[in-house]
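Peer 1: Sending over a structure as structure tokens; questions will come in a sec.
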Amino acid sequence: MPDRNNLNITTRDRILRAWENSTELVRDFQTYANDTEHDQKLAQMFNEYAKDEAVHASQLLKLLHEIEK
159 MPDRNNLNIT
169 TRDRILRAWE
179 NSTELVRDFQ
189 TYANDTEHDQ
199 KLAQMFNEYA
209 KDEAVHASQL
219 LKLLHEIEK
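The numbering used here numbers the first residue of the sequence shown as 159 and each following residue consecutively.
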């Protein structure tokens, strides 16, 4: 379906962008965890968020590989 700029954004494009966003969030949450080591509870929360987002990134990458077949 063309967008307002007459670009055809495919399902693959959307999954790829979601995967890129997820991998960036993993890095961000890991950085936040490292930056908040002085607050163990907060650092642990950010580490958990990073792990959760890594699962999402992994699932999205699997989908991308399936689409590429």
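Even for Gly, the Cβ is constructed at its ideal location relative to N, Cα and C.
Would T194 and F204 be called neighbours here (beta carbons separated by less than 8 Å)?
Peer 2: Position 36 of the sequence shown, counted from the first residue, corresponds to residue 194. Position 46 of the sequence shown, counted from the first residue, corresponds to residue 204. Result yes, Cβ atoms of T194 and F204 sit closer than 8 Å.
Peer 1: Could you tell me whether the stretch 174-182 touches the stretch 211-221, using the rule of 3 or more Cβ pairs below 8 Å?
Peer 2: yes
Peer 1: Just curious, the alpha helix (DSSP H) that T194 is in, first and last residue?
Peer 2: Taking the first residue of the sequence shown as position 1, residue 194 is located at position 36. Careful: T194 lies outside any alpha helix (DSSP H) and carries neither H nor E.
Peer 1: When you compare each of A191, I167, I173, L165 to E226 by their alpha carbons, which one comes out closest?
Peer 2: Residue 226 sits at position 68 when you count from the first residue of the sequence shown. Closest option to E226, Cα to Cα, is I173.
Peer 1: T189 to E182, Cα distance in whole Å?
Peer 2: Here the question's residue 189 lines up with position 31 in the sequence shown. Here the question's residue 182 lines up with position 24 in the sequence shown. When rounded, the distance between both Cα atoms is 11 Å.
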